[in-house]
Structures are given as structure tokens and as C-alpha cells.
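Residue numbers (the working numbering), protein chains in the order written: chain A, 162 to 351; chain B, 5 to 243.
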């Protein structure tokens, strides 16, 4: 946390290298959150860019008292994702999801190889597919907890909901995701 | 904890996996999950899923993303190659038609100026570029041009003077062109000055003949005309 606070101070003094370092440190986190939420690499890239543009403009309003910088960054990202989700909801409804699904499954079965790396990326793709079928509330809770590794209090401040709600969303999200993956013919191994 | 049921198992599944249940609750949970097939399966599935998700590596960032972010926030990157590119960014603009046209016009103007100053770029020598030589050639060229134009103006003045003197004589004879045809032995109207000089001093020169000379002089080149006019003037002057 300490280096982040120093970098933020540097940015506020107008130091370009400090901003560059801050971007390099956190782009992966932001991009992963965007990708896991949208399931689309191009959209995730555009959204990540938008997140950092917003951070760059509003950095002066960040106070360490609000919480650690990564938590603030995550909540900015999450708010943009929710905005994006609302903006594109109509487009998604008109898109035929059923049309897109068999194609995705065919592609995955065609790419099946015994390679461990390929298995890992296949799991990642299947997980992505399952996540896309979760409601956005449950999806963001699961992503933040199990893929981004945030603790309950951090998620609570990102989502701005009570801890009980956070817990129940994570729990319901996990159970639904497991059921979706089972429907898809996948059984996670311990 | 005999009232522990499937709904409660589902509800406290994450707490169980996180290890945040009280020992008594955890024992009841385990007892139910061990006895209930559906709950046992669910616990195994969710437990496995959470384990797998946590083990999953974060995705690599696309290589162009960070430069894009820095470009959109800090402005175009100030890398070394970008610096050079910016320094020569104006060069491609020169290929725009309007700049190319402008450059061609300037080059053409320079060529014309050089030519009139007596400096042919093809015959240009190093010595011609010394200021004294440039001045001398330019000075010579200016004087030559002035002399030529002065001569031209003088010649024109003479022509007009002759024309105005001949005008009252030409008026009485309206048909001047058909008249010379039989006398001139089918010569073309544009006669060269030598022949004129031979024919004109002949005695009995009619007014009509003067008229034909004027007509022919209009057709021939002005140097020849000048000679012819001088002769015609000479023949007329005694009267």
C-alpha cells in the first residue's frame, strides 16, 4: 500500500513516471476484472482504458482514508462495468445467446488437447462461459472474491452493500456457477 | 442441531468452506452433508470450483493495452523514435498537392529570374556566383533589356509616324489591294526590302503604289517594314 500512496502523491505533483508506474502495477488487475465480467477481450481493453482515464482525471479526489488504492481502483472499475452493462443490456438481449453458445462449445471441443496449459486455458474459458450466465450481481461478487482475491470488507466497500449481502451473494453465486458448470457437463475436481 | 436441513447447508456453504462456522455448526453441517447425497455433491462441487478459481492465474494483459492507456492519459509517448518521428512529421505534409504546386511555382519563378539575369543554370559556373559577377551580369542584362525595349519603342514610333503621314494620301484611293496585282508580276504582297529598294526609286511612282507598299509593310516583319517605310518616306519627301 505504501508504494501506491507514494505513486499517487507523485502523480498529483504531475510526475509522468509515477503515473506510468501506477498504470503498470494495476493494469492486470483492472483488465482481468473487466475481462471476467464482460467475457470479451476487446471490450475489456476499452473498459480498462476508460477506467485509467477516469482515475487519471479524478486522482485528486482520492483520499487514503477511503481505503487502499487498489480498493478504490476496483470500485471505479466496478462502477464503470455496471454502467457498461446497463448501456449494452439492450444489445445483449437482441443478440441471440442461444446462437452463439453451440459455436463456442464446438470451438472448445475442437481445441481439446492433453496439454496442461491448454487444459488450464480451457478451464478458464469454461469458467468464463459459466460466469456469463450468472446475474451481474452474483457474477461481480464471485469474481471479486474468488478471482481477484478481495476479502469481504473490501468487497463490501467496492459494492457499497452490507456485509451480509456480500456474503450471501458470494455464496449464491458460487452455488449457481457450480450448477451451471455441471449443466455444461463439467465437474470441477478437488 | 437436528434441525439442520438442505436449505441451511446451501446457505452456510461458503462460511463452511471459509472455515468461519462455529465448531457446533460445522459439525452439524458435516453431519448433514455426509448423510444427504444432494448436499454432499453440492459441497464437493462448490469446494472444487472455489479451489480451481483461486488456483487460476490472472490473464496476461494484451501488450498494446498499457501503451494505449499511457497515450490516452499522458498524451503521445515520448520515446526516442517518437521524438524523431515528431521532428520530421512535417515532411509527408510537403507531398500535399498545394505545397507541391507552390514549390513548383517557386522553382519556375527562380528559373525565369535566373534566365533574365543571364544565368543559365545549365551553363552556370562557380565563378558566376561571386557577388561581383552576379552584379555585372545582372547590370549588363538590365542595360541590354532596356536598350532592346527602347529600340522597340522607337521603331514603333517611326511606324506610327509613317502611318499617320501616309493616311491622308491613302484615303483618296479606296481600292488599293487590287491595283498592284497586274503591275507586280504576280508577286506575293510580302516583298522583301531589297526588291523594294530596287523598284521604288523608279520615276512615275503613283500614289497607288505607295498604298501597296503600306499594305505590304503591314504583312511583312517589322524590320523589313522599317526599311520599306524609310524608302517610301524618302520618295514622298520631295513633294
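All C-beta atoms in this analysis are idealised placements derived from N, C-alpha and C, irrespective of residue type, glycine included.
Bear in mind that the values here come from a model prediction, so they are computed numbers and not experimental data.
Residue i (DSSP reduced to helix, strand or coil)
| i | result |
| --- | --- |
| residue 332 of chain A | helix |
| residue 8 of chain B | coil |
| residue 212 of chain A | helix |
| residue 24 of chain B | coil |
| residue 286 of chain A | helix |
| residue 181 of chain A | helix |
| residue 68 of chain B | coil |
| residue 135 of chain B | helix |
| residue 100 of chain B | coil |
| residue 246 of chain A | helix |
| residue 202 of chain A | helix |
| residue 312 of chain A | coil |
| residue 346 of chain A | coil |
| residue 61 of chain B | coil |
| residue 44 of chain B | helix |
| residue 108 of chain B | helix |
| residue 293 of chain A | helix |
| residue 263 of chain B | Outside the shown range of chain B, which is 5 to 243, sits residue 263 of chain B, and nothing can be said about it. |
Beta-carbon proximity check, residue i vs residue j, cutoff 9 Å
| i | j | result |
| --- | --- | --- |
| residue 316 of chain A | residue 339 of chain A | no |
| residue 292 of chain A | residue 192 of chain A | no |
| residue 184 of chain A | residue 70 of chain B | yes |
| residue 320 of chain A | residue 222 of chain A | no |
| residue 4 of chain B | residue 206 of chain A | There is no way to answer for residue 4 of chain B, as the model of chain B reaches only from 5 to 243. |
| residue 332 of chain A | residue 16 of chain B | yes |
| residue 60 of chain B | residue 285 of chain A | yes |
| residue 238 of chain A | residue 65 of chain B | no |
| residue 21 of chain B | residue 50 of chain B | yes |
| residue 324 of chain A | residue 313 of chain A | yes |
| residue 245 of chain A | residue 214 of chain A | no |
| residue 307 of chain A | residue 230 of chain A | no |
| residue 210 of chain A | residue 76 of chain B | yes |
| residue 53 of chain B | residue 194 of chain A | no |
| residue 196 of chain A | residue 63 of chain B | yes |
| residue 19 of chain B | residue 328 of chain A | yes |
| residue 35 of chain B | residue 8 of chain B | yes |
| residue 30 of chain B | residue 23 of chain B | yes |
Chain A within 9 Å of residue i, Cβ atoms only
| i | result |
| --- | --- |
| residue 100 of chain B | no |
| residue 19 of chain B | yes |
| residue 12 of chain B | no |
| residue 25 of chain B | no |
| residue 29 of chain B | no |
| residue 134 of chain B | no |
| residue 16 of chain B | yes |
| residue 83 of chain B | Any reading at residue 83 of chain B is ruled out, since the residue's pLDDT is 47, under 50, leaving its predicted position unreliable. |
Contact with chain B by residue i, beta-carbon distance below 9 Å
| i | result |
| --- | --- |
| residue 248 of chain A | no |
| residue 223 of chain A | no |
| residue 310 of chain A | yes |
| residue 355 of chain A | Outside the displayed span of chain A (162 to 351) sits residue 355 of chain A, for which this structure offers no information. |
| residue 201 of chain A | no |
| residue 346 of chain A | no |
| residue 299 of chain A | no |
| residue 285 of chain A | yes |
| residue 336 of chain A | yes |
| residue 316 of chain A | no |
| residue 288 of chain A | yes |
| residue 234 of chain A | no |
| residue 171 of chain A | no |
| residue 204 of chain A | no |
| residue 324 of chain A | no |
| residue 193 of chain A | yes |
| residue 240 of chain A | no |
| residue 307 of chain A | yes |
| residue 294 of chain A | no |
| residue 213 of chain A | yes |
| residue 321 of chain A | no |
| residue 342 of chain A | yes |
| residue 243 of chain A | no |
| residue 198 of chain A | no |
| residue 331 of chain A | yes |
| residue 339 of chain A | yes |
| residue 167 of chain A | no |
Any chain D beta carbon closer than 9 Å to residue i
| i | result |
| --- | --- |
| residue 237 of chain A | The displayed structure is made up of protein chains A and B, and chain D is not among them. |
Practice task
Please list the residues of the segment 63 to 78 of chain B that have a C-beta atom closer than 7 Å to any C-beta atom in chain A, keeping them in chain order.
Solution key: 63, 65, 66, 69, 70, 72, 73, 74, 76, 77 and 78
Handout entry: Contact residues within the segment 46 to 62 of chain B, judged by C-beta distance below 8 Å to chain A
Key = 46, 48, 49, 50, 51, 52, 53, 54, 55, 56, 57, 58, 60, 61 and 62
Problem - Residues, ordered as in the chain, of the segment 173 to 187 of chain A that lie near chain B by beta-carbon distance below 9 Å - result: 177, 180, 181, 184 and 185
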